[in-house]
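What follows is a set of notes on a single structure, which appears directly below.
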DNA sequence: AATGAATGAGCCTTCATTCAT
DNA sequence: AATGAATGAAGGCTCATTCAT
């Protein structure tokens, strides 16, 4: 039983517990006790490491963003050309890590909470901007500037839209279908350009 | 002098107060006192008319759905052909009544809350199904069955996506841009069919 | 059992409970539960009427000051001349209402708490200023300006000093002794002027 | 390398930290963490050396009393006659070491806390008795027994009174004025005896 | 029809204190 | 000699809800 160097382990456990608690409850209204209980520690310890509840929530959100960012970088690194860059971005957003019920629910919840939390809104804006620029690095070479912008905007909305709809459905996430529909949309927009 | 016939007025005032409170707070965490205060009555009266808080929330959601339904019916009634039926559906979802910050925030909030409220989920499913079938009455005549289904699904996701993104932005809603992007998407899908 | 118009009764009961709780505990660390319990209501009701704990404490302090002010005005109203005005001020400060263990303890506690509460300090300053000016209306006619000022200052300190010492002693307050000593001091100062 | 002989240093550092913490906060509500932090050690160490929080507080009070006692002895040792012994006692109580904001605040706080701590009360009684007897060694030779007693009592109250008033004022302590007023009081009492 | 009065339940948070290392 | 880890206990505060009027 190591009694030293516990901090990073506890922090991680608490963040994981937060995600799963929020995901299951589908609400930021989870109590600190609930979270701490899931992490196997006392509520006091959660405060010890994170300060107030809001701080734990923010840390959790940052964790989610960081994870997504890591996945994205990895996927983009292996994409050979512009078109496959775009697909990589889409794919990552619906990857098993991201598109599982708990995480989706947590994301959604944060989206809503962001409406009255400047800090959360700031974090989400960063994510939105990054998603946009990642899409643009691919689309920018396939479509005229202005059209690429609009397509990126729609693609981002589409992804968010599938997240929302995912949250309302029971059963396993149908990532395959979501990816197919987004790709279909992209194909339509890109081909439309090429062919007429 | 006991006032008579106050019930419908109070109910309506309370529902309106609920929408604006939720919209402003951006959260279902509004208190009964807050809502009652906005409606100019005591919290006790809200309970008198609606029972528990959850009941008031459900009634509010039903009200939102009913309003959207009314708008939709009105718009569809004047649509001359299949293509314009589709556009009518899109237009209504971004109409000034629907796409204003308060209402958008309320919708979003309900979406999230639906994750742990069977009743709310049931109501949202009804809405989703209606949206889908309304889109299909138009798309079904413009595209092959299967493709129409997929397009309807994507369109619905796109609309939801713009709602989410609207909630994160400050300033006035840009309904025009949202409509334009959705129409662009529809055009690409429909033209793609026609031309190649 | 009157169920209406309870507010003033509850407020008063809560303030009285606060005084006695603080007096008995000898510390501002009394809990809201303790106070509410003494007043025969739930802690929630205390919050309902006073807001936060600090607000109840401030209200209590204001009550103490108001009571002292009332007693003072009454005593001064019947004082025929300058010398008896001064004695009246002294007498009131050691009157049975003021100089009882509970009240003394509450005063002391507030004094200490004032060190880190601007609002409490503000209230105590008002009291100090009033005590000073009340003493001056009498002393001003018996001694030269400057000497009157100094005597008022010392008298006030002397009164406070007896309060402190009272708080440390057990048994009944010996108001008579305190008054006698203050009067002795005053006599010495005033006679000193007259005779040499 | 385990450090040896740290105990007395830590104890002293912790007591000093306690005084300054209480003085600054103006309340016994300082936390062990706050105190330990100021002393540059962990809260656990404070417990290690002093046991419970109350023990540290008592030790601190004893330290304050011991310091005052040392100052007093030193001052009395150089006082040539009875009158100057009295002045020495007064002077020491308002010496820069004693009459600085932090120490005054700590004293006051202990006074109040003594109301519900037998141990603290015991300590304060010792101080009060010593102050009284020190004053009496001087006054006893200048005034008749009974009058000397009463004067000692008033003088002690006056000193405490100036301490209280000091705590409510901002800015630097005006020890000079306090001493002058106490001396004025003593002069009045002693001269009154001599002259009439 | 409407509300003031009142409360139980629950949550966040703080803090002294202990223990293994 | 010293501390990081951890918690139980307790307090302030909020809020939905009930009830008598």
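Chains as they are written, first to last, in my numbering: chain A, 8 to 203; chain B, 8 to 203; chain C, 8 to 203; chain D, 8 to 203.
Where is the CB? At the ideal position from N, CA and C, for every residue including glycine.
- A direct Cα-to-Cα measurement between residue 72 (chain D) and residue 27 (chain D) gives close to 16 angstroms.
- Beyond the five residues adjoining it in sequence on each side, residue 109 (chain B) comes within less than 6 angstroms, by CB distance, of 27, 30 in the same chain, given in chain order.
- When the five nearest sequence neighbours on each side are left out, the beta carbons in the same chain lying within less than 6 angstroms of the beta carbon of residue 113 (chain D) are those of 26, 29, 30, in order along the chain.
- In this structure, residue 168 (chain C) sits near residue 165 (chain D), with a CB-CB distance shorter than 8 angstroms.
- Any Cβ of chain D closer than 8 angstroms to the Cβ of residue 169 (chain C) would place that residue at the interface, and such an atom is present.
- Against residue 27 (chain C), chain D offers no close residue; the least beta-carbon distance is about 14 angstroms (beta-carbon pairs closer than 7 angstroms).
- Going by C-alpha positions, residue 64 (chain D) is about 58 angstroms away from residue 81 (chain A).
- Along the region 105 to 123 of chain A, going in chain order, the ones with a CB nearer than 8 angstroms to a CB of chain B are 112, 115, 116, 118, 119, 120, 121, 122, 123.
- Residue nearest to residue 189 (chain C) within the set D:161, D:172, D:37, D:61 is D:161 (criterion: CA-CA distance).
- When Cβ-Cβ separations below 8 angstroms define contact, residue 140 (chain A) makes no contact with chain B.
- Residue 188 (chain C) belongs to the set of residues whose beta carbon lies under 8 angstroms from a beta carbon in chain D.
- The residue among C:15, C:86, C:70, C:133 with its C-alpha nearest the C-alpha of residue 55 (chain C) is C:15.
- Against chain C, a Cβ distance below 7 angstroms from residue 165 (chain D) picks out 161, 164, 165, 168.
- For secondary structure counted as the alpha helix (DSSP H) over 4 or more consecutive residues, the region 110 to 175 of chain A holds these complete runs in sequence order: 125 to 146, 152 to 175.
- The contact set of residue 33 (chain D) on chain C, defined by CB atoms closer than 7 angstroms, consists of 119, 122, 123 in chain order.
- The alpha-carbon of residue 70 (chain B) is positioned some 35 angstroms away from that of residue 151 (chain B).
- Residues of chain D whose Cβ lies closer than 8 angstroms to the Cβ of residue 175 (chain C) are, in chain order, 118, 121, 122, 128, 131, 132, 135.
- For residue 97 (chain A), the uninterrupted alpha helix (DSSP H) run begins and ends at 89 to 100, by DSSP.
- Nearest to residue 33 (chain C) by C-alpha distance, out of D:155, D:23, D:84, D:120, is D:120.
- In the three-state DSSP reduction, residue 59 (chain A) falls in the coil class, being neither helix nor strand.
- Only residues of its own chain outside the window of five on either side were considered, and among them 89, 197 have a CB closer than 6 angstroms to the CB of residue 149 (chain C), listed in chain order.
- Between residue 153 (chain B) and residue 96 (chain B), the gap from beta carbon to beta carbon reaches 8 angstroms or more.
- Here residue 99 (chain B) is not near residue 145 (chain B), since their CB atoms are 8 angstroms or more apart.
- Distance check between residue 106 (chain B) and each of B:187, B:49, B:174, B:191 places B:174 closest, using alpha-carbon atoms only.
- Straight-line spacing of the CA atoms in residue 157 (chain B) and residue 193 (chain B) works out to 11 angstroms.
- The Cβ atoms of residue 17 (chain B) and residue 48 (chain B) lie closer than 8 angstroms to each other.
- Comparing alpha-carbon positions, the option among C:185, C:23, C:134, C:155 lying closest to residue 77 (chain C) turns out to be C:134.
- In this structure residue 104 (chain B) is exposed. Its beta-carbon is surrounded by fewer than 16 other beta-carbon atoms within 10 angstroms.
- Here the C-alpha atom of residue 62 (chain C) lies approximately 21 angstroms from the C-alpha atom of residue 12 (chain C).
- Between the alpha carbons of residue 84 (chain B) and residue 138 (chain B) lies a distance of about 15 angstroms.
- In the structure shown, the three-state DSSP call for residue 86 (chain C) is coil.
- Residues of the same chain with a CB within less than 7 angstroms of the CB of residue 102 (chain D), apart from the 5 flanking positions on each side, are 78 in chain order.
- The continuous alpha helix (DSSP H) containing residue 27 (chain D) extends over residues 13 to 32.
- Here residue 127 (chain B) has 64, 65, 68, 117, 120, 121 as same chain residues with Cβ atoms under 8 angstroms from its own Cβ, once five neighbours each way along the sequence are excluded.
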